[in-house]
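In what follows, a single structure is set out as C-alpha cells and then discussed.
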Amino acid sequence: MPKLKTGDCVLIVLALVACLVAAVWFGGQGLGFWGADGSADDAGLIVVAQSRNGFYRADPLNSDVTYTVEAAGDASAEHGYNTVRIHDGVAEVAEADCSNQICVEHDPISQPGEQIVCLPHGLVVEVVADEEDAAELV
Numbered sequence: 780m781p782k783l784k785t786g787d788c789v790l791i792v793l794a795l796v797a798c799l800v801a802a803v804w805f806g807g808q809g810l811g812f813w814g815a816d817g818s819a820d821d822a823g824l825i826v827v828a829q830s831r832n833g834f835y836r837a838d839p840l841n842s843d844v845t846y847t848v849e850a851a852g853d854a855s856a857e858h859g860y861n862t863v864r865i866h867d868g869v870a871e872v873a874e875a876d877c878s879n880q881i882c883v884e885h886d887p888i889s890q891p892g893e894q895i896v897c898l899p900h901g902l903v904v905e906v907v908a909d910e911e912d913a914a915e916l917v
C-alpha cells in the first residue's frame, strides 16, 4: 500500500475543514447537531394539530401534554377520535379508533416538517420551527 504524500494530507485536511465550515454555516440542522433555531434543544419547535375543520391546537414540542381530537363523521370520513401525546421532545398519535391505525403505528415526530396524518379522521399533526410557521397554518 503506497504511503500518503504531503499533498495528500493537505488535501484531506482541507476537505475536513470544508465539511466543518459547511456544518457550521448551515447550522448543523441536517446533521442533527442542533435544533431548528440553532440551539442545542427543541425549545422553539411547535406541534400543530389540524382537523378537517381547520386549526385545532398548537403546543411546544418540549411540553408534556395529551389531548383527544374528535372527528365528526360525514359522507367522506369516519366519526372517531385521535389521542395526541407530546412528551420527551416528540409527538405521536398514541391512540385512535380509525380503521387502519397507520397514524398510531407511525414513528414519533420531532423535526420541523415531519407529519403524522390520519386520513380516515382528517387529522394532521405537524412539527413546525416556530410560532410564525404555526401562524401560517391557522
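Numbering-wise, the sequence shown is residues 780 to 917 according to our numbering.
Each residue gets a CB set at the ideal place from its N, CA and C atoms; glycine is no exception.
Rounded C-alpha distance that separates Val869 from Ile881: Residue mapping note: residue 869 aligns to position 90 of the sequence shown, counting from 1. Residue mapping note: residue 881 aligns to position 102 of the sequence shown, counting from 1. The alpha-carbon atoms of Val869 and Ile881 are separated by roughly 17 Å.
Using the rule of at least 16 other Cβ atoms within 10 Å of the residue's Cβ for burial, across every protein chain shown, is Gly901 buried or exposed? In the sequence shown, the residue the question calls residue 901 occupies position 122. It counts as buried.
Do you know offhand how far Lys784's Cα is from Leu790's? Mapped onto the sequence shown, residue 784 falls at position 5. Mapped onto the sequence shown, residue 790 falls at position 11. Straight-line Cα distance between these residues: approximately 10 Å.
Since Tyr860 contacts Ala873 with CB under 8 Å, what's their CB separation in whole angstroms? Within the sequence shown, the letter at position 81 stands for residue 860. Within the sequence shown, the letter at position 94 stands for residue 873. Actually they do not touch by this definition, with Cβ atoms about 11 Å apart.
Among Glu857, Ala837, Val907, nearest to Arg831 - alpha-carbon criterion: Indexing the sequence shown from 1 puts residue 831 at position 52. Of the residues Glu857, Ala837, Val907, the one whose Cα lies closest to the Cα of Arg831 is Glu857.
What does a CB cutoff of less than 6 Å around Arg864 pick up in its chain, not counting 5 residues either side in sequence? Translated into the one-based positions of the sequence shown, residue 864 becomes position 85. Contacts found: Thr845, Glu871, Ala873.
Taking the straight line between their C-alpha atoms, what separation do you get for Ala875 and His885? Counted from its first residue, the sequence shown places residue 875 at position 96. Counted from its first residue, the sequence shown places residue 885 at position 106. In this structure, the straight-line span from the alpha carbon of Ala875 to that of His885 is close to 12 Å.
Where DSSP assigns a beta bridge to Ala873, which residues make up the other side? Position 94 of the sequence shown, counting from 1, holds the residue named residue 873. Beta-bridge pairing links Ala873 to no other residue.
Hey, how far is the Cα of Val848 from the Cα of Phe805? Within the sequence shown, the letter at position 69 stands for residue 848. Within the sequence shown, the letter at position 26 stands for residue 805. Val848 and Phe805 have their C-alpha atoms roughly 37 Å apart.
Would you grab the beta carbon distance between Val903 and Gln829 for me? Rounded to a whole angstrom, and I think it's under 8 Å. Here residue 903 refers to the residue found at position 124 when the sequence shown is read from its first residue. Here residue 829 refers to the residue found at position 50 when the sequence shown is read from its first residue. Contact holds; Cβ gap of about 5 Å.
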